[in-house]
Amino acid sequence: MKVETYLINLDGSDERLKNASEILTNQNVKFERFPAVDGRGKPLEDFENYNDEKAKKIMGRSLLNGEIGCYLSHIGCIKKFLSSDADYLVVLEDDMKLSNDYKKTLDQVLDFLHNNKIIYWNLINIGAKKRKIYTNIQTFNGHELLHAYYFPIRTIGLVWSRKGAEEFIQHGLEIFMPIDNYLQYWLSENSKGLSIWEPLVKPSGFESEIDINRSSKRKKTFIFGLKKQMRTWRIRFIAIINKLLSKNGSRN
Numbered sequence: 029m030k031v032e033t034y035l036i037n038l039d040g041s042d043e044r045l046k047n048a049s050e051i052l053t054n055q056n057v058k059f060e061r062f063p064a065v066d067g068r069g070k071p072l073e074d075f076e077n078y079n080d081e082k083a084k085k086i087m088g089r090s091l092l093n094g095e096i097g098c099y100l101s102h103i104g105c106i107k108k109f110l111s112s113d114a115d116y117l118v119v120l121e122d123d124m125k126l127s128n129d130y131k132k133t134l135d136q137v138l139d140f141l142h143n144n145k146i147i148y149w150n151l152i153n154i155g156a157k158k159r160k161i162y163t164n165i166q167t168f169n170g171h172e173l174l175h176a177y178y179f180p181i182r183t184i185g186l187v188w189s190r191k192g193a194e195e196f197i198q199h200g201l202e203i204f205m206p207i208d209n210y211l212q213y214w215l216s217e218n219s220k221g222l223s224i225w226e227p228l229v230k231p232s233g234f235e236s237e238i239d240i241n242r243s244s245k246r247k248k249t250f251i252f253g254l255k256k257q258m259r260t261w262r263i264r265f266i267a268i269i270n271k272l273l274s275k276n277g278s279r280n
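Take the sequence shown: its letters are residues 29 to 280, numbered as in this note's numbering.
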């Protein structure tokens, strides 16, 4: 079983890189820096595969440059992973800190999943902010591995299976949501998302520069709020249905 770890870091964000490198080195985690896509100052129409009309329809607004850059950074990590011979990919953003048992627990989780072929999964969120609509699969060192029917929205720490990465490339290259929203939408629908609680990865206190202006600059209009509520309740409804189907034996 081979696991790659990529750390997304924007050129020039040296303090973040230094901090994250020290954290990973202290836990003997081998990693590779992945240069983040810098979307700052670039016209939206210059981003390949960005669909502004669809973004406005679903999100109620255009995406910010930083959100598109963040999405493209994650796509880049996935494509690089698929060109390797690794079985699993850990993607970390540079504004993170790890739990003290991060490596031990993650190794145990991946070993369990690698040898348990009846659990079909695409992605594990190891930095979840909350847990909602889930079932417990197994507990490792006090951390619960969950079937996350309502996939957590934070992307500070993710673990891809090769099959999940391949499916994402098939379905997720068109950009019309921020990456965290898209992953929640996609994985809540296909019911192939897992998460870990308590999380193995948390924010370090640094604000990530790849989407640093996301909260402060997006227009929180009435349409934006309405679209968000409609989207949230739709995804929750699907998650509840998938959980009920799984409980009744209709889904793996």
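Glycine is no exception: its CB is placed at the ideal position from the N, C-alpha and C atoms.
Small disclaimer: the values here were computed from a predicted structure and weren't measured.
Of the candidates 275, 226, 266, the residue whose Cα lies closest to the Cα of residue 126 is 226.
Taking 3 residues as the minimum length, the beta strand (DSSP E) runs contained wholly in the segment 179-217 are 185-189, in order along the chain. The Cβ atoms of residue 64 and residue 101 sit closer than 8 Å to each other. The alpha helix (DSSP H) runs of length 4 or more contained entirely in the segment 78-145 are, from start to end of the chain, 80-87, 93-110, 130-142. Distance from the CA atom of residue 73 to the CA atom of residue 133, rounded to whole angstroms, is 43 Å. Only exposed fits residue 261, as fewer than 16 other CB atoms lie within 10 angstroms of its CB. For residue 227, DSSP records no beta bridge to any residue. Measuring C-alpha to C-alpha distances from residue 56 to each of 159, 175, 131 identifies 131 as the nearest. Here the alpha carbons of residue 222 and residue 152 stand approximately 4 Å from one another. Taking the Cα positions, residue 266 is about 31 Å away from residue 34. Taking residue 181 as reference, the option from 197, 166, 215, 118 with the minimal CA-CA separation is 215.
Residue 36: member of the beta strand (DSSP E) spanning 31-37, first to last residue.
Boundaries of the beta strand (DSSP E) harbouring residue 172: 171-176, taken from the DSSP string.
Cβ neighbours of residue 117 within its own chain (closer than 6 Å, five residues either side excluded): 32, 109, 188.
Take the alpha-carbon of residue 207 and the one of residue 170: they are about 29 Å apart.
Under a 10 Å Cβ-count criterion, residue 44 is classified as buried, with 16 or more other Cβ atoms of the shown protein chains found around its own Cβ.
Bounds of any beta strand (DSSP E) do not take in residue 161, whose DSSP letter is neither H nor E.
Residue 168 carries a strand assignment under DSSP once its states are collapsed to helix, strand and coil. DSSP places residue 153 inside the beta strand (DSSP E), whose first and last residues are 151-153. Looking at the DSSP output, residue 63 shares a beta bridge with 37. Excluding its 5 nearest sequence neighbours in each direction, residue 105 has C-beta neighbours in its own chain below 8 Å: 34, 36, 62, 117, 119, listed in chain order. Around the beta carbon of residue 199, fewer than 16 other beta carbons lie within 10 angstroms, which makes this residue exposed. Per the C-alpha coordinates, the member of 230, 162, 251, 168 positioned closest to residue 269 is 162. Going by beta carbons, residue 184 and residue 123 fall inside the 8 Å limit.
If you check the CB distance, residue 115 and residue 205 do not come in under 8 Å.
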